[in-house]
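Let me begin by presenting the structure, written as structure tokens, before commenting on it.
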Amino acid sequence: GQSLEQPSEVTAVEGAIVQINCTYQTSGFYGLSWYQQHDGGAPTFLSYNALDGLEETGRFSSFLSRSDSYGYLLLQELQMKDSASYFCAVSNYGQNFVFGPGTRLSVLP
Amino acid sequence: DSGVTQTPKHLITATGQRVTLRCSPRSGDLSVYWYQQSLDQGLQFLIQYYNGEERAKGNILERFSAQQFPDLHSELNLSSLELGDSALYFCASSVEGQTGELFFGEGSRLTVL
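Sequences listed follow chains A and B, in order.
Per my numbering, residue 128 is the first one in the first sequence, and the count goes up by one each step.
Per my numbering, residue 282 is the first one in the second sequence, and the count goes up by one each step.
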């Protein structure tokens, strides 16, 4: 089977940096994706790692270590609008995506 | 706008009833996925189709079924509904190849009374 773990909640202040970790167990792993979901909205894609290392997209970066079955999402220069739930998702060779339980990020003024 | 269309946006029905949720993927996307999200919960994978064929199945109940039609739209059928089936049902589509990106529709919110 497949399982993913994320912290349930993270709180930070505006302008700060926050890291959301994700550990996974899966067979046929291909890549790790990150999604953002605001309350009542649809998940939207943020980042994807298929190879070890860091991917940077603006204020967001994502990291993957395949040997450790671990990744993280790094959010810099936090803004109030970043308050949302963040999900990691593993994909396999069949492009099947399984999502983690999600991390609720609260950004305080 | 992701380009994925889901209907209806809201649906209220009674226990024991049957409903059909519809999804039109982005133009050109061959893969369609269905996810269930209960209140304050994660996204539970239900089923995946690729070009009309079932590719992967998750924790989909036997009371639920789905199919993808030749025009690539998909339908999720939920029958013998129970209170616990109340949730947001998302459809997503993806391009061919490993991009890691799913495009989600706005979801269909089902309320079972």
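We put the CB at the ideal spot given by N, CA and C, even for glycine.
Do you know how far the Cα of residue j is from the Cα of residue i?
i: A/Ser218; j: A/Tyr151; result: 11 Å
i: A/Arg231; j: A/Ala139; result: 11 Å
i: B/Glu356; j: A/Leu201; result: 37 Å
i: B/Gln379; j: A/Leu191; result: 16 Å
i: A/Asn176; j: A/Gln164; result: 19 Å
i: A/Phe156; j: A/Leu205; result: 31 Å
i: B/Ser374; j: A/Arg193; result: 26 Å
i: B/Gly284; j: A/Tyr199; result: 28 Å
i: B/Tyr330; j: A/Gly168; result: 23 Å
i: A/Gly128; j: B/Leu364; result: 28 Å
i: B/Leu324; j: A/Tyr197; result: 20 Å
i: A/Met207; j: A/Thr184; result: 19 Å
Tell me which same chain residues have a C-beta within less than 6 Å of the C-beta of residue i, skipping the five on either side of it?
i: A/Phe226; result: Phe214, Ala216
i: A/Ala143; result: Leu205
i: B/Phe345; result: Leu359
Check whether chain A comes within 8 Å of residue i, counting only Cβ atoms and requiring the distance to be less than that.
i: B/Glu356; result: no
i: B/Glu382; result: yes
Any beta-carbon of chain B closer than 8 Å to the one on residue i?
i: A/Asn223; result: yes
i: A/Tyr228; result: A quick correction: the sequence has Pro, not Tyr, at residue 228 of chain A. By this cut-off, A/Pro228 is an interface position.
i: A/Ala211; result: no
i: A/Tyr214; result: Looking at the sequence shown, residue 214 of chain A is not Tyr but Phe. Answer yes: the Cβ-Cβ gap between A/Phe214 and chain B drops below 8 Å somewhere.
Would you mind sorting residue i into buried or exposed? The rule is 16 or more other CB atoms within 10 Å of its CB.
i: B/Phe350; result: exposed
i: A/Ser154; result: exposed
i: A/Ile147; result: buried
i: B/Ile328; result: buried
i: B/Asn332; result: exposed
i: A/Asp195; result: exposed
i: B/Asn358; result: exposed
i: A/Ser233; result: exposed
i: A/Trp130; result: The sequence shown places Ser at residue 130 of chain A, rather than the Trp named in the question. A/Ser130 should be labelled exposed.
Enumerate in chain order the residues of its own chain whose CB-to-CB distance from residue i is below 8 Å, with the five nearest sequence positions on each side excluded.
i: B/Ala295; result: Leu362, Val393, Leu394
i: A/Phe224; result: Ser160, Ala216, Val217, Ser218
i: B/Glu382; result: Ser375, Val376
Measuring alpha carbon to alpha carbon, tell me which residue in the options is nearest residue i.
i: A/Val137; options: A/Thr171, A/Asp209, A/Phe224; result: A/Asp209
i: B/Glu377; options: B/Pro306, B/Gln298, B/Leu311, B/Asp352; result: B/Leu311
i: B/Gln348; options: B/Glu387, B/Glu334, B/Leu342; result: B/Glu334
i: A/Pro228; options: B/Phe326, B/Leu364, B/Leu383; result: B/Phe326
i: B/Ser360; options: B/Pro306, B/Phe371, B/Glu387, B/Gln298; result: B/Gln298
i: B/Val313; options: B/Arg344, B/Phe384, B/Leu364, B/Gly365; result: B/Phe384
i: B/Gln322; options: A/Ser135, A/Gly185, A/Gln222, A/Glu183; result: A/Ser135
Give me, in chain order, the residues of the same chain whose beta-carbon lies closer than 7 Å to that of residue i; leave out the 5 immediate sequence neighbours on both sides.
i: B/Asp366; result: Leu359, Leu391, Val393
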